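**Q** Residues in the sequence shown are numbered from 7 upward in steps of one, following my numbering.
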Amino acid sequence: MKRSEAVADAAITLLAERGMRGLTHRAVDEAADLPPGSTSNLARTRAALLELTLSRLTDLEEQALASVYRFQGSTTPARPSDAFQGSNAPARPSNAYRESGPSGGAAGSLAESGPSAWPTDAFRESGPSGAAAGSLAEPGSYDGAAAEAILESDLPGLVAEALHVQLADRRRTLARYELALEATRRPELRKIYDAAGRRFRDPVVGFLAALGSPDPVRHGRQLVAFGEGIMFDSIAGAGDAPSLDDLREAVREFLRGMLGSGG
């Protein structure tokens, strides 16, 4: 393991166990069993230490979710068609997604992004779960049958598995909450945090776009917010940790309520 990774891993543990006030250069040296001054040599300032820790946390979360979202490498999320059908052929993002982009981004922001864009062609040909050709192709043509196809697709299970992975590592998720709060007070950290968040939110938007959601950005945000609520309730709130089956049913119920009326 690289020294920078050892430092960041120790910082993640300290954040989870002691909170932001317990994160100091000296404490990281001790937790990582490194000579005094090692952390300062890597990250001179507190801001630099926080940025190093957040970058490492993002990498760890991507690795943990790799089998769920099928990330290609360490930074590029796989296409939804890969997850649903195993296809590796590139295709165009949906029109709705191309126009609005993730998180309200500029038009065309993903249309030219190469392998990280998400296709609809594979779904236009066969659709998830053997749906009839073209039944989920065009955003805006969303109906009850399309909603039911999403509910019967792999999406609820994939989202549930992602939540289950996050809930399984309480340390990592608590550290992310600490960094999220700190990012509200540090613009430089906020920029990194938001960029990291998009790497996880965008695939959800892409899934929904490929499945025919008339408003994948809005629906994607709602689904992610729902998942974040479950995680917070289970880890920092008063809720119990749900089982994987409980999570699948919860996601399915949420999607049914969100999409059942046609958007």
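The C-beta atom is built at its ideal place from N, Cα and C for all residues, glycine as well.
Bear in mind that the values here come from a model prediction, so they are computed numbers and not experimental data.
Spatial neighbours of residue 219 within its chain, please: CB distance less than 6 angstroms, with the 5 preceding and 5 following residues excluded, ordered by chain position.
**A** For residue 219, where only same-chain residues beyond five positions count, the Cβ hits under 6 angstroms are 225.
**Q** Where does residue 25 fall in DSSP's three states?
**A** coil
**Q** Give every residue of the same chain whose Cβ lies closer than 7 angstroms to the Cβ of residue 182, excluding the five residues on either side of it in the sequence, and list them in chain order.
**A** Only residues of its own chain outside the window of five on either side were considered, and among them 63 have a CB closer than 7 angstroms to the CB of residue 182, listed in chain order.
**Q** If you follow the alpha helix (DSSP H) that residue 169 is part of, which residue opens it and which one closes it?
**A** 161-174
**Q** Of all the alpha helix (DSSP H) runs that stay within the bounds of the segment 176-232, which reach a length of 4 or more residues?
**A** For the segment 176-232, the continuous alpha helix (DSSP H) assignments of 4+ residues that do not extend past its boundaries occur at 176-189 and 193-216, in sequence order.
**Q** Do the CB positions of residue 186 and residue 199 come within less than 8 angstroms of each other?
**A** In this structure, residue 186 sits near residue 199, with a CB-CB distance shorter than 8 angstroms.
**Q** Taking a contact to mean a Cβ-Cβ separation below 8 angstroms, would you say residue 14 touches residue 51 in this structure?
**A** no
**Q** For the alpha helix (DSSP H) containing residue 264, name the first residue and the last one.
**A** Residue 264: member of the alpha helix (DSSP H) spanning 250-265, first to last residue.
**Q** Would you decide whether residue 249 is buried or exposed? Buried here means 16 or more other CB atoms lie within 10 Å of its CB.
**A** exposed
**Q** Run the CB neighbour count on residue 191, radius 10 Å, all protein chains shown included, and call it buried at 16 or more, exposed below.
**A** Exposed: under 16 other Cβ atoms inside 10 Å.
**Q** Specify, as a first and last residue, the run of the alpha helix (DSSP H) that residue 296 falls within.
**A** Nothing in the structure corresponds to residue 296, since the chain is present only between 7 and 269.
**Q** Could you check where the alpha helix (DSSP H) with residue 37 kicks off and where it finishes?
**A** For residue 37, the uninterrupted alpha helix (DSSP H) run begins and ends at 31-37, by DSSP.
**Q** Pick out whichever of 24, 27 and 33 has its Cα sitting closest to the Cα of residue 12.
**A** 33
**Q** Taking Cβ to Cβ, would you say residue 173 is nearer than 8 angstroms to residue 233?
**A** Taking 8 angstroms as the Cβ cut-off, residue 173 and residue 233 do not qualify as a contacting pair.
**Q** How long is the line joining the alpha carbons of residue 223 and residue 211, rounded to whole angstroms?
**A** 6 angstroms
**Q** Quick one: grab the DSSP three-state call for residue 59.
**A** helix
**Q** What's the gap between the Cα of residue 264 and the Cα of residue 49?
**A** 45 angstroms
**Q** Would you tell me roughly how many angstroms separate the C-alpha atoms of residue 29 and residue 44, rounded to the nearest one?
**A** 15 angstroms
**Q** Just how far apart, CA to CA, sit residue 96 and residue 31?
**A** Since pLDDT at residue 96 reaches only 30, below the 50 mark, its modelled position is unreliable, and no value is offered.
**Q** Can you tell me whether residue 41 is buried or exposed, with buried defined as 16 or more other CB within 10 angstroms of its CB?
**A** Here residue 41 is exposed: its Cβ has fewer than 16 other Cβ atoms, across all protein chains shown, within 10 Å.
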